[in-house]
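Student: The structure's right below; bear with me while I get my questions together.
Protein chains: 2
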Amino acid sequence: MNVTISSTSDKPIYQQLHEQISAQILGGELESGYCLPPIRQAALELHVSVITVKKAWEELERNGLIHTVTGKGCFVAEFSPDEMLRIRNEMVLKQMEGDIQYYKSFGLTLDEVIALLGKIY
Amino acid sequence: MNVTISSTSDKPIYQQLHEQISAQILGGELESGYCLPPIRQAALELHVSVITVKKAWEELERNGLIHTVTGKGCFVAEFSPDEMLRIRNEMVLKQMEGDIQYYKSFGLTLDEVIALLGKIY
DNA sequence: CAAATTGTGTATTCCGTGTATACACAATGT
DNA sequence: ACATTGTGTATACACGGAATACACAATTTG
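Residue numbers (our numbering), protein chains in the order written: chain A, 104 to 224; chain B, 104 to 224.
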């Protein structure tokens, strides 16, 4: 478990957890079949409620990134590299749509966005 | 007042208001010196609380986009085209930093982001 | 000057979400 | 049987967003 929780962030904890684990799975850091730590243990480690961890794990399952077996644990799902890329892009695009809406509301063109993006990436 | 409030959005109303008015000012739709509608009237029109409108207006003032005169109203500030562009980019960049952090957490490169961006912009 | 208009400030209330704690139940493994 | 792990539920608290209402300050208008 390599996760950082920021209590000052505006994002809820369960969402921070979900994003970071998602990124680790889709980035290849966590291999298929890997068993996530028990929710109680994770809750202890992160000084966080069990429910909070569970919420994050639920979201991971909803996205098909892990599968859960009661009594055993939660395991990173198995998928092909292609599928992994597809899921990753799907998640990023979902976020990106909202971002773009914001940029467009200011009348920014695609080129302008790319220019700004290049400055700080 | 040309504003759309979405109660299903995850963004709070005052923020939706602020973003839309900001965009209209920085996009040139609202000229310098233009008098925004009285907060009570805006609240009625949008079926929203006075406080909610005030919160949005406060944020506009904080960003230097309007100036307020008690007893008179709230007026769009005057600034040069250059300054307008600077403020606009400043606001967009502020948002963009968070967006980029998300993309990076998935290991996306700048080129990949641009590619995805181009698909849906 | 008096009244209407507009912005400001404050108090109270309500609701939903995020979070924590605790306990009981279900499935698995030793 | 017992320990471990996930699930479900109930309760409680804090906080932010939002609404309503009222009093006050500054400006405009009659």
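Backbone N, C-alpha and C define an ideal beta-carbon position, used for all residues, glycine too. Owing to the predicted nature of the structure, the values given are computational and were not obtained by experimental measurement.
#1: Please return the same chain residues whose Cβ sits closer than 8 Å to the Cβ of Ala146(A), not counting the five positions on each side in sequence.
#2: Our contact map puts Ala180(A) next to Leu188(A) with C-beta atoms below 8 Å; I'd like the distance itself, whole angstroms only.
#3: So Thr173(A) is in the alpha helix (DSSP H); what residue range does that whole segment cover?
#4: Please report how far the alpha carbon of Leu211(B) lies from the alpha carbon of Tyr137(B), in whole angstroms.
#5: Which residue's Cα is closest to the Cα of Gly131(B): Ile203(B), Ile190(B), Glu200(B) and Val216(B)?
#6: Going straight from the alpha carbon of Lys207(B) to that of Glu162(A), what length do you get?
#7: Taking only beta-carbon positions, decide if Asn192(B) is within less than 8 Å of chain A.
#8: Assign Ser125(A) to buried or exposed, taking buried as 16 or more other Cβ atoms, counted over all protein chains shown, within 10 Å of its Cβ.
#9: How far does the alpha helix (DSSP H) with Ala126(B) in it extend, from its first residue to its last?
#10: Under 8 Å, Cβ to Cβ, is there at least one residue of chain B near Ala145(A)?
#11: Grouping DSSP H, G and I as helix and E and B as strand, with all else coil, what is Val216(A)?
#12: Roughly how many angstroms separate the alpha carbons of Val216(B) and Thr173(B), rounded to a whole number?
#13: Tell me the rounded alpha-carbon separation between Leu139(B) and Gly176(B).
#14: Whole angstroms are fine: how far does the CA of Ala159(A) sit from the CA of Gln118(A)?
#15: Start and end of the alpha helix (DSSP H) containing Val195(B)?
#16: Give me the Cα-Cα distance between Pro115(B) and Gly201(A), rounded to the nearest whole angstrom.
#17: Return yes when the Cβ of Ile203(A) is within less than 8 Å of the Cβ of Leu196(B), no when it is not.
#18: Kindly indicate if chain B contains any beta-carbon less than 8 Å away from that of Gly167(A).
#19: Using a Cβ-Cβ distance under 8 Å, would Val216(A) count as near chain B?
#20: On a Cα-Cα basis, can you pick out the residue from Met104(A), Glu193(A), Asn192(A) and Met194(A) that is closest to Pro226(A)?
#21: Determine the contact status of Phe209(B) and Leu129(A), defining contact as a CB-CB distance below 8 Å.
#22: Determine the chain B residues that contact Ala180(A) at a beta-carbon separation under 8 Å, and present them in chain order.
Tutor: In this structure, then:
#1: These residues qualify, in order along the chain: Ser152, Val153, Thr155 and Val156.
#2: Contact doesn't hold; Cβ gap of about 14 Å is too wide.
#3: Premise fails: Thr173(A) is in no alpha helix (DSSP H) and is neither H nor E.
#4: If you take the alpha carbons of Leu211(B) and Tyr137(B), they lie about 43 Å apart.
#5: Ranking Ile203(B), Ile190(B), Glu200(B) and Val216(B) by Cα distance to Gly131(B) puts Ile190(B) first.
#6: If you take the alpha carbons of Lys207(B) and Glu162(A), they lie about 20 Å apart.
#7: Cβ-Cβ to chain A under 8 Å: yes for Asn192(B).
#8: Buried, because 16 or more other Cβ atoms sit within 10 Å of the Cβ of Ser125(A).
#9: Ala126(B) -> alpha helix (DSSP H) spans Ile116 to Leu129.
#10: Taking Cβ atoms only, chain B never reaches closer than 8 Å to Ala145(A), which makes this a no.
#11: It is helical.
#12: Answer to the nearest angstrom: the Cα atoms are 46 Å apart.
#13: Spanning the two alpha carbons is a distance of roughly 7 Å.
#14: For Gln118(A) and Ala159(A), the distance between alpha carbons rounds to 6 Å.
#15: Where Val195(B) is concerned, the enclosing alpha helix (DSSP H) starts and stops at Pro184 to Ser208.
#16: Put simply, the backbone Cα of Pro115(B) is about 15 Å away from that of Gly201(A).
#17: Going by C-beta atoms, Leu196(B) is not nearer than 8 Å to Ile203(A).
#18: The beta-carbon of Gly167(A) is placed no less than 8 Å from the nearest beta-carbon of chain B.
#19: Yes, its Cβ sits closer than 8 Å to a Cβ of chain B.
#20: Chain A is shown from 104 up to 224; residue 226(A) falls before or after that span and cannot be answered.
#21: Yes. Within cutoff.
#22: Within chain B, no residue has its CB atom less than 8 Å from the CB of Ala180(A), the nearest being about 17 Å off.
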